[in-house]
Every structure is written in C-alpha cells, then in structure tokens.
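Structure first, then comments.
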Amino acid sequence: MNAITANELISGAVVYLYENGDFGVDLQKAKLFGADEQATQDAMLEKTLANPRLVSVEPIAVEVSETGTVWANRLREQIRANGPTVGGFARQTLEGADHVSL
Amino acid sequence: MYRYDEFDAAFVRQRTEQFAHQVKRRLSGELTEEQFRPLRLMNGLYLQLHAYMLRVAVPYGTLNSTQMRKLAHIARTYDRGYGHFTTRQNIQYNWPKLKDVPAILEELASVEMHAIQTSGNCIRNVTTDQFAGAAADEIIDPRPVAEIIRQWSSLHPEFSYLPRKFKIAITGAPQDRAAVKFHDIGLMAATNDAGDVGWRVFVGGGLGRTPMVAKEISDYVPHEYLLPYLEAILRVYNMYGRRDNKYKARIKILVHETGIETIREQVEAEFAEIKEGVLKLPQGELTRITEYFAAPNFEPQTETKIDVAQFEATDSAYARFLKHNLHPHAKDGYVSVTISLKPIGGVPGDATDTQMEAVADLAEQYSFDELRVTHEQNLVLPHVAIKDVRAVYDALVANDLQEGNAGLISDIIACPGLDYCALANARSIPIAQAISEKFADREEEFGELKLKISGCINACGHHHVGHIGILGVEKKGTELYQITVGGDATENASVGTILGRGVVPEEVPNALEKLLDRYMAERTGPEESFLAAYRRLGDAPFKEALYG
Numbered sequence: 639m640n641a642i643t644a645n646e647l648i649s650g651a652v653v654y655l656y657e658n659g660d661f662g663v664d665l666q667k668a669k670l671f672g673a674d675e676q677a678t679q680d681a682m683l684e685k686t687l688a689n690p691r692l693v694s695v696e697p698i699a700v701e702v703s704e705t706g707t708v709w710a711n712r713l714r715e716q717i718r719a720n721g722p723t724v725g726g727f728a729r730q731t732l733e734g735a736d737h738v739s740l
Numbered sequence: 009m010y011r012y013d014e015f016d017a018a019f020v021r022q023r024t025e026q027f028a029h030q031v032k033r034r035l036s037g038e039l040t041e042e043q044f045r046p047l048r049l050m051n052g053l054y055l056q057l058h059a060y061m062l063r064v065a066v067p068y069g070t071l072n073s074t075q076m077r078k079l080a081h082i083a084r085t086y087d088r089g090y091g092h093f094t095t096r097q098n099i100q101y102n103w104p105k106l107k108d109v110p111a112i113l114e115e116l117a118s119v120e121m122h123a124i125q126t127s128g129n130c131i132r133n134v135t136t137d138q139f140a141g142a143a144a145d146e147i148i149d150p151r152p153v154a155e156i157i158r159q160w161s162s163l164h165p166e167f168s169y170l171p172r173k174f175k176i177a178i179t180g181a182p183q184d185r186a187a188v189k190f191h192d193i194g195l196m197a198a199t200n201d202a203g204d205v206g207w208r209v210f211v212g213g214g215l216g217r218t219p220m221v222a223k224e225i226s227d228y229v230p231h232e233y234l235l236p237y238l239e240a241i242l243r244v245y246n247m248y249g250r251r252d253n254k255y256k257a258r259i260k261i262l263v264h265e266t267g268i269e270t271i272r273e274q275v276e277a278e279f280a281e282i283k284e285g286v287l288k289l290p291q292g293e294l295t296r297i298t299e300y301f302a303a304p305n306f307e308p309q310t311e312t313k314i315d316v317a318q319f320e321a322t323d324s325a326y327a328r329f330l331k332h333n334l335h336p337h338a339k340d341g342y343v344s345v346t347i348s349l350k351p352i353g354g355v356p357g358d359a360t361d362t363q364m365e366a367v368a369d370l371a372e373q374y375s376f377d378e379l380r381v382t383h384e385q386n387l388v389l390p391h392v393a394i395k396d397v398r399a400v401y402d403a404l405v406a407n408d409l410q411e412g413n414a415g416l417i418s419d420i421i422a423c424p425g426l427d428y429c430a431l432a433n434a435r436s437i438p439i440a441q442a443i444s445e446k447f448a449d450r451e452e453e454f455g456e457l458k459l460k461i462s463g464c465i466n467a468c469g470h471h472h473v474g475h476i477g478i479l480g481v482e483k484k485g486t487e488l489y490q491i492t493v494g495g496d497a498t499e500n501a502s503v504g505t506i507l508g509r510g511v512v513p514e515e516v517p518n519a520l521e522k523l524l525d526r527y528m529a530e531r532t533g534p535e536e537s538f539l540a541a542y543r544r545l546g547d548a549p550f551k552e553a554l555y556g
C-alpha cells in the first residue's frame, strides 16, 4: 500500500494526505492506496504537486499491522513519521493550523 | 579578527533584503518551489527530513563573543535551543521555519555573519587550522590569506556556477590540522630558498564516493601571486570539469582523469596570462588585512607550565582535561583550550544556547574575545593564560562542557545522518553515542584515535580519513555499517581500507571492541598509536579480529 507525503512550505513539517483531502502530520490518518488504486493515487499526486503549500511530494510504501497501525516500510520514512531517534525532539509542527487543505 | 568594511556590510545587507523579498514571493505563491529552491540554497537553506536546515558560515572557523551570543540567541528564538557545529567549521540549525529565515539572516548580518555560499556549486567557506594565529608550530598565521580568499571568492562572477561545489582549506603549520589534502584545493605554508613564506598548493583532494588524496600542483606560490594562481586553477576546472554527471563533476575527477601533469600545464598557462593582472596582491593590501589579525596584547606570564601529574590522584577528570584538551601556544604562559562538544553519550557537535553563551563569556573573559570552531566539531579558546585554565575548566564543568577527550575515541566526528539528513541512508548519531558510552572507561588506554562516522557515501562525517571509519549503508531496508581502518586526514594523508562486510547497528560497538582489543594486544607500547600499529601490521590482523 502507499500513502502520499510531502513537506509543508512554511514550517517544513512532514505531512500526509488524509482521507478527507487535507494534509496533516499524522501518518495514522493517511489515506492509503492499494495496488488497484494506482490511477486514483496518480490523480491525487498530481493535485498535490500543484499545491504551492506542499513541497517534496512523493508516494511512500506503507503496511498496516493487525491492530490497524500504519507503518512506513523504509526506516527513512519511519523517522520522518516519528521524528529523530535521538535527542528527544518532537516533530516539526505546522504553522498556525493543524492541516493544509488541498 | 576581520571586521566588515562598508562594502562587506552593504553587500550582506542587500543580500539579506533580496532573500527576504524572495521568501515573501514564495510564501505568496508568486514563486514556485522549482524557482525558489536554487535561491534558498544560495542562502544556505536546505529542506531536510523534518524541517528546513539553515547553514550559517563561520569564515575560517573564527568567531567573537558577540557573534557566538547571536548564534545562541537565534537558537533560542527561532530554533529549538541548540545548534550543530559542522566539519566545515560552520553551524547548522535543524528546525527553522521558512517565514523566520529573513529575520534570522537580518540578525546574523547585524554581527557580520551570513549564510551565503554555504550551499550550491560555488566556492564554499574557506576552512583552516583551529589553532591558527596561536599554535606553537605555526610558520605563518593563515587567517589573513583565508580572509583574502573569502573576499575573492564571495559572489565571484566567474565561479558562481561551477561544475560542482568547491572547497578550499589552508594551514600555516607543518602539522596539518585542517585536512588540506582532502579539499579541492589545499594550501600549506612553505618557505622558499630565500626564506620567504608562501604556499604549497595541492589540488584534487576530496572524500565522498570517490575519496582521493590531493596532488601537489605547485611547491611554492608567493603571497602576491596566490589569487591569480587560484583563479587559474578555478578557470581550468570551470572549463574542463564535467557537467554531465554530478558524481564525476568534482575537480578530483578532472585531476584523476586528466593527470596532474596536464592540469599543471593548463594552470601554468592560464596563470601566465593573469599573474600580473588585477589579482596580483599588493603588499599594502596584504598588510592591511593582516593588521586585522594582529596578535592580542599578551601580558608576560609567570606561570608557564601545568603539572598534570599532581591532579591525577586528586582530580582525575581535570587531569584528563589538561592532558588532552590543551594545545601548545606560540606565546609562553598561554595555551589553546579545546572545548569538547562530545560529551559521553551526547550528540557530536551540538551545543545548547546556554552553552554557547557560556563559551562566549569565557572567550571574552579569558581569550581576548576570540573563539574558533574546529572541523572536528569542537570549539576552541585560542589564547588562554595558563594561570586561568582552572577557572576556564570550572566554568566548563558548570555548563557540562568539561569532557577531557580531545583526540580520543569518543571525540567522534559524525554527520547528522538519517535522523535529520535527506541524503542519508543510515543513522550516525546513535552509533556515535553507543560507541562513546561503550568505551568511556577505556578510551585513555587507547590513546589518540580518530573515529569518524558517515550516514552515507557522501562522507560528511569524513569516515574515509578516520583511523577507524564507519560508513552507514542501507541494504534491503536494514542499516549496515562498514568499518574502515587506516585513514588519516593529516599531512601523512591516507584513505582508509574497508575491512569487510557491514555489521548491524547493535553490533558496531562490539566490532570496534574486537579491533581495539587486537590493537592493544599487538601494539609495541602505549607510544604506538592505533594508526601507527595499523601501518606497521597492515589490515590482516584487524580483519581476522573482526571476521575470524
């Protein structure tokens, strides 16, 4: 499965496309695209790329555990989703809102 | 130290205003990311994994207390209360927001600092010996020439779009503490037959995916001709350097593929054309710049030695600090003090805002208002009277900066790695932390040992030149760490040899323990360093220790 991720322009924060079309920081709320939803994913990707508030837009591979937790496959994406593994720093927050609308 | 003249001040102010306008246009949607990206990179602003990263230039690693306090203020006001000092003697902030960057640059400009040319395919910040202007073994203070190179290379119209980035390092001492042979151009002070001091010039060194030791292109260039000579090298590189493949675009590849003899001929031909032109440096200008770097007004000192032994039984931490963190000074009664940014289990190179302010206070009170950033990610108080060392140490203790480990295994260079960097394949910082914790009680017995860790083949952590180097790679979604031995960034430069297959993160400290136990068993005595033992023994015993 895939999710769509980006960095938000003002803060640089890592964001994900949600089911409702907004972008927010929580991977657990991400809209997931199955292998049979490639056309939908491509359409959303194109729409996202056109949004000037979002940069470094890309699809990422994810898995869903038996308990429903969404996991990014690559360590890089796990670190983007959870913050640095050292230093105890929380992830970057969005500036002035909890989501970015498409 | 150098102070901006009217030209410098106006130039930085204009650039700051220009970038503020560009940010405004980006935020309003007038500029696309594609249009904005090269503009932000020209001003040191990257987009990393979690946030933007702003890289601020510290020219040749020299700061005063006002500048350090400003860096602390920026960390506290616009970031998360800390900064990361880098192998380029710069500082990086890991969490700034785009909307705040113009204000940050304005703050920097107010103390004669900026982030220009800390990214992009241009000539980057010139780096030098952290003990420049202080070291007992120095032939000449390289900072005036470094400053002249800074002025020449800033927004040089011909060299703003080079095939690839370009790094210059300079040292005025025979003992190379600036890794000059691993730079695109390396300069080492040299004396000619008449006793005049000039520069040996090396070209084509570098790390990254193709590590190379620079080759000597000239054994002596006088001061007055240095800029035309550098210009000639850059012109040859700009003309013939590859632009079709970014992995083959550095000058090291050009030198390697063309041959140093041909490159020398091309440079000499270009040099002959321009040597008597506008870049020929008048003595008056050299003198004018040199005056900015005049030695402080050292007072005669009665205390000229410290008896380390007397503290070994009563205050072993202080004794360790004295043994490892002091460097001989050219002036009797003074030393240079290394402030380690490598606490056991800490993040190499990080300093909090309060630590930066404490260091600024120490510089002001005890080191003629001078500070240095080292390429090994530490700080230096270059001119401390020996009678003041204890007071400096006590202040460092109060700010958790007292680690007496300069040059030991826990004095690790580590890139930010996959915890922050968009290019990295593996984490560096947790590996550094685990190693420093593992060997905290043994590092004294190992003696001098340069350990360097990179989270990808770009080698920002200089792993190729670590006595022991560690390179993180990703294989089938798993982090693995390749271990190299025998690297050396000094005048006896060498690139480390990979010992074999990578190990998983949890096994890295144990793997190092095997290597170090073998070293301890094989060395001729405490005076034989790890590197010396490796050079005597070769890699066979270390391979065997690691892989059986």
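Going down the list, the sequences are from chains A and B.
According to the numbering used here, the first sequence holds residues 639 to 740 in order.
According to the numbering used here, the second sequence holds residues 9 to 556 in order.
Virtual Cβ for every residue (Gly too), placed ideally from N, Cα, C.
List, in chain order, every chain A residue whose beta-carbon is nearer than 8 Å to that of residue i.
i	result
B/Gln441	Val724
B/Val88	Note on identity: in this sequence residue 88 of chain B is Arg, with Val being the wrong assignment. Residues of chain A passing the Cβ test: Phe727.
Taking 7 Å as the threshold (C-beta atoms), are residue j and residue i in contact?
i	j	result
B/Tyr489	B/Val473	no
B/Arg21	B/Ala117	yes
B/Val392	B/Pro219	no
B/Gln385	B/Leu416	no
B/Gly213	B/Phe190	yes
A/Ala651	A/Leu732	yes
B/Ile443	B/Pro356	no
B/Ala553	B/Arg526	yes
B/Val221	B/Ala501	yes
B/Val343	B/Leu330	no
A/Leu670	A/Ala641	yes
B/Tyr542	B/Val493	yes
B/Gln56	B/Ala432	no
B/Ser324	B/Gly455	no
B/Ala144	B/Pro308	no
Using the beta-carbon of each residue, which ones in chain B are nearer than 8 Å to residue i?
i	result
A/Glu733	Lys105 and Lys107
A/Val652	Leu57 and His58
Using a Cβ-Cβ cut-off of 7 Å, state whether residue i counts as contacting chain A.
i	result
B/Gly37	yes
B/Glu41	yes
B/Pro513	no
B/Asp427	yes
Judging by CA-CA distance, which residue of the options is the nearest neighbour of residue i?
i	options	result
B/Asp184	B/Ala497, B/Pro517 and B/Arg509	B/Ala497
B/Pro150	B/Pro46, B/Thr298 and B/Asp108	B/Thr298
B/Ile271	B/Ala540, B/Met247 and B/Glu487	B/Met247
B/Thr24	B/Val367, B/Asn51 and B/Arg11	B/Asn51
B/Ala65	B/Gln100, B/Tyr90, B/Pro46 and B/Ser73	B/Gln100
B/Gln26	B/Arg48, B/Tyr10, B/Met9 and B/Tyr12	B/Arg48
B/Pro351	B/Asn413, B/Glu265, B/Pro230 and B/Glu552	B/Asn413
B/Lys483	B/Lys460, B/Ile491 and B/Ala434	B/Ala434
Could you give the DSSP three-state label for residue i: helix, strand or coil?
i	result
B/Arg33	helix
B/Lys484	coil
B/Ala440	helix
B/Phe329	helix
B/Val221	coil
B/Lys256	helix
A/Met682	helix
B/His58	coil
B/Gln100	strand
B/Phe301	coil
Going along chain B, which residues have a C-beta under 9 Å from residue i?
i	result
A/Leu647	Arg34, Leu35, Glu41 and Leu106
A/Asn711	Gly485
Should residue i be flagged as near chain B, meaning a C-beta pair shorter than 7 Å?
i	result
A/Pro697	no
A/Gln666	no
A/Gln730	yes
A/Val702	no
A/Val708	no
A/Val663	no
What does residue i touch in chain B if you count any residue whose Cβ is under 7 Å from its own?
i	result
A/Val738	Per Cβ cutoff of 7 Å: no residues; A/Val738 is ~13 Å from chain B at best.
A/Ile642	Within 7 Å Cβ-Cβ: nothing; A/Ile642 doesn't reach chain B, min ~16 Å.
What does residue i reach in chain A if we use C-beta pairs closer than 7 Å?
i	result
B/Arg435	Thr723
B/Pro356	The contacting residues do not exist; B/Pro356 stays about 11 Å from chain A at best.
Chain A partners of residue i, CB-CB under 9 Å?
i	result
B/Pro438	Thr723 and Val724
Hey, is residue i close to the ligand NAD, as in C-beta under 6 Å from one of its heavy atoms?
i	result
B/Gly267	With respect to the ligand NAD, the structure offers nothing, as it holds no ligand at all.
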